[in-house]
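Enquirer: For reference, the structure I am asking about is given below.
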């Protein structure tokens, strides 16, 4: 990083960087912290501040925002907490002394590097504290590595910079783009950046702004622009008459995906569009990939279906992910030929296993694409003895299985619950997931989506709808999921109940309930991500996150009111770790 010029003057809050950095680093060492550069892989290194001595204290990881590096951002919190907690402060890639020669600019890659670095430092479980951009990376870490992230404290951040968040935020601060605000080119730009981020910015002499510009914003400008621009290609392929996730939810999902996803709507089709209008669905899916009544008695139909799949060039294969965890896949029979075709992976919903859900699509596509159809854990023949029920763990198992099958890059097609797992896979493994087709799904079952969806279908809870206990329950499930359900005799409903809903009932309940503990620690006067965005984030987190608001503080609350922030953070950490001891 370029050093700021030596100037024999001081400022109110920030001294010239060349004078202040050695002093700050000395204070960190007195507080029991040391600087350590961790090589993640060849060409990628992360700079960490870590405890000097090995410790059994609870680990707390601080993730900085887009303005400064880690230790400048979190200096007051490190000094306040290092005696009681094992504090880790990394620099993100292209900030401070962290760098990579890889081209990946996604928050998922930042999260992957943070997690790998922490594991190399011996951290097995931690609380993540994320500010602004660091909060977005923190959410990715929680999704990708749920066994690492025990809990979260989010400060002045959002899950993603959606179109409306961007539009409203930029309108409030008076900028045409985030890059214009977050990557200033002039001294005036630095002044405005800090003035917007503080509730009440103290007086700072001009030469200090100049030093900040030279030291913090001269390097990696191109890469930081790319960090703000990264996005995956997503297609939404939907039943136009889906009443579970209706057109309102489609619009919300389009918004959450920044308005850049492409919507393909199939009229006169409900939630199980791929079964109800398979020929229309297949025709549309084929178009995307290029740029019949369903149920018989299961005992008769399963061998017939499996035989037809083998004629279509598919074979069943059980892949061991790790001891106690196996995933059942349908895969191309001819491995040599399949490697020359584009890979397409189908993720099913909560109603049936993979091959029942996607049978019509496999027959339509297997000659042109390398088709892979897994059963998600606790569906079909996939199972685990692990206790993790998160979509992130499902995503991890799917990705590991695909890699073991030799798949390096694929298009994901996800229906309902499979779409939620698909979003996690795209976030966790962007190098694996080239593009996505999402059918009748949402990113998460938020409180309002749950409330409105259950009200539309007339069920008190998702488990009561998705895990039926009676023949009548199966009838209701299918009647709601189809736009127009064909007549089916009662004995077939009975067969479906016995074959599809008798096993793993407890585990499926747990799949619907999994959630990480999250605290939102916010500046009450933040105009970048204001109270509207806090409410939206609370909603997106299903109303189960806890909000702590610090009045008379802006976006950089941890610097502006450090003592109040630290006091509140200590309370949160104490509640998470029982006064410093692991739960």
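Residue numbers (the working numbering): 2 to 584. Note that the Cβ used here is the ideal one computed from N, Cα and C, for glycine as well.
Within the region 329-408, note down every full beta strand (DSSP E) run reaching 3 residues or more, in order along the chain.
Expert: Runs of the beta strand (DSSP E) inside the region 329-408: 344-348, 371-375.
Enquirer: Excluding five sequence neighbours on each side, which residues of the same chain lie with their C-beta closer than 8 Å to the C-beta of residue 314?
Expert: Hits under 8 Å: 333, 334, 335, 367, 368.
Enquirer: Looking at C-alpha atoms only, which residue of 534, 57, 488 is the closest neighbour of residue 123?
Expert: Among 534, 57, 488, the Cα nearest to that of residue 123 is on 57.
Enquirer: With distances taken from CA atoms, which of 67, 316, 29, 24 is nearest residue 49?
Expert: Of the candidates 67, 316, 29, 24, the one whose C-alpha sits nearest the C-alpha of residue 49 is 29.
Enquirer: Between residue 186 and chain B, is there a C-beta pair that is closer than 8 Å?
Expert: The displayed structure is made up of one protein chain only, and chain B is not part of it.
Enquirer: Whole angstroms is fine: what's the gap from residue 211's alpha carbon to residue 445's?
Expert: Roughly 44 Å separates the two Cα atoms.
Enquirer: Per DSSP, what kind of secondary structure is residue 52 in: helix, strand or coil?
Expert: In the structure shown, residue 52 sits in a strand (DSSP, three-state: E or B).
Enquirer: Determine the extent of the beta strand (DSSP E) in which residue 36 is found, giving its start and end residues.
Expert: First-last of the beta strand (DSSP E) with residue 36: 34-42.
Enquirer: Cβ atoms of residue 64 and residue 138: under 8 Å apart, would you say?
Expert: Yes. Within cutoff.
Enquirer: Pull up the DSSP beta-bridge partners for residue 317, would you.
Expert: In the DSSP output, where bridge partners are listed per residue, residue 317 has 331.
Enquirer: What's the C-alpha gap between residue 457 and residue 172?
Expert: The straight-line gap from Cα to Cα measures roughly 36 Å.
Enquirer: How is the alpha helix (DSSP H) around residue 549 delimited, first residue to last?
Expert: Segment 547-551 is the beta strand (DSSP E) holding residue 549; no alpha helix (DSSP H) there.
Enquirer: Looking at the strands, I want to know which residues DSSP matches up with residue 267.
Expert: Answer is 240.
Enquirer: Between residue 344 and residue 373, which are expected to be in contact by the criterion C-beta below 8 Å, what is the C-beta distance as a whole number of angstroms?
Expert: The Cβ separation is near 6 Å, so the contact holds.
Enquirer: May I ask you to report which of helix, strand or coil DSSP gives residue 142?
Expert: It is helical.
Enquirer: If you run the structure through DSSP and keep just helix, strand and coil, what is residue 323?
Expert: The answer is strand: DSSP assigns residue 323 an E or B state.
Enquirer: Are at least three pairs of beta-carbons, each pair with one atom in the region 376-390 and one in the region 494-512, less than 8 Å apart?
Expert: The region 376-390, when compared against the region 494-512, does touch it at the 8 Å Cβ threshold.
Enquirer: Out of 279, 488, 213, state which residue places its alpha-carbon closest to the alpha-carbon of residue 21.
Expert: The shortest C-alpha separation from residue 21 is found at 213.
Enquirer: Consult DSSP for residue 127 and reduce its assignment to one of helix, strand or coil.
Expert: Residue state, collapsed to three classes: strand.
Enquirer: I'd like to know whether the C-beta atoms of residue 355 and residue 331 end up nearer to each other than 8 Å.
Expert: In this structure, residue 331 lies closer than 8 Å to residue 355 by Cβ.
Enquirer: Looking only at C-alpha atoms, which of 455, 388, 319 sits nearest to residue 399?
Expert: Out of 455, 388, 319, 319 has the C-alpha closest to the C-alpha of residue 399.
Enquirer: With residue 415 as the anchor, note down where its alpha helix (DSSP H) starts and where it stops.
Expert: Counting along the chain, residue 415 falls outside any alpha helix (DSSP H), though it belongs to the beta strand (DSSP E) covering 411-416.
Enquirer: Quick one: what does DSSP say residue 488 is sitting in, helix, strand or coil?
Expert: Residue 488: coil per DSSP, three-state reduction.
Enquirer: Would you say the region 69-88 touches the region 402-410, given that touching needs at least three Cβ pairs under 8 Å?
Expert: With the cut-off at 8 Å, the region 69-88 and the region 402-410 do not touch.
Enquirer: I need the straight-line Cα distance from residue 393 to residue 471, nearest angstrom please.
Expert: The straight-line gap from Cα to Cα measures roughly 30 Å.
Enquirer: Between 156, 495, 441, which has its C-alpha nearest residue 547's C-alpha?
Expert: Among 156, 495, 441, the Cα nearest to that of residue 547 belongs to 156.
Enquirer: Going by Cα to Cα distance, which pick from 199, 36, 119, 24 is closest to residue 552?
Expert: Out of 199, 36, 119, 24, 199 has the C-alpha closest to the C-alpha of residue 552.
Enquirer: From the DSSP secondary-structure annotation, give me the bridge partner or partners of residue 177.
Expert: Paired residues: none, contrary to the question.
Enquirer: Identify whether residue 292 lies in helix, strand or coil by the three-state DSSP scheme.
Expert: Confidence at residue 292 is low in this model, with a pLDDT of 46, below 50, so its placement is unreliable and the value that follows should be read with caution. Correct three-state label for residue 292: coil.
Enquirer: Out of 140, 206, 168, which has the shortest C-alpha to C-alpha gap to residue 188?
Expert: Comparing Cα-Cα distances from residue 188 to each of 140, 206, 168, the minimum goes to 206.
Enquirer: Near residue 550, what residues of its chain come up, given a Cβ to Cβ distance below 7 Å and the 5 sequence neighbours on each side ignored?
Expert: If we look at residue 550 and ignore the five residues flanking it on each side, its Cβ neighbours are 523, 525.
Enquirer: Evaluate residue 18 with the Cβ neighbour count: other Cβ atoms within 10 Å of its Cβ, from every protein chain shown; 16 or more gives buried, anything less gives exposed.
Expert: With 16 or more Cβ atoms within 10 Å of its Cβ, residue 18 is classed as buried.
Enquirer: So who's on the other strand from residue 564, going by DSSP bridges?
Expert: Beta-bridge pairing links residue 564 to no other residue.
Enquirer: Let's test the definition: count the other Cβ atoms within 10 Å of the Cβ of residue 96 and tell me whether it reaches 16, buried, or not, exposed.
Expert: Per the 10 Å Cβ criterion, buried.
Enquirer: What is the C-beta distance between residue 109 and residue 146, in whole angstroms, given that I count them as a contact (C-beta under 8 Å)?
Expert: At roughly 11 Å, the Cβ-Cβ gap does not stay under 8 Å, so residue 109 and residue 146 are not in contact.
Enquirer: Give the range of the alpha helix (DSSP H) segment to which residue 476 is assigned.
Expert: It spans 472-482 - the alpha helix (DSSP H) in which residue 476 sits, taken as one unbroken run.
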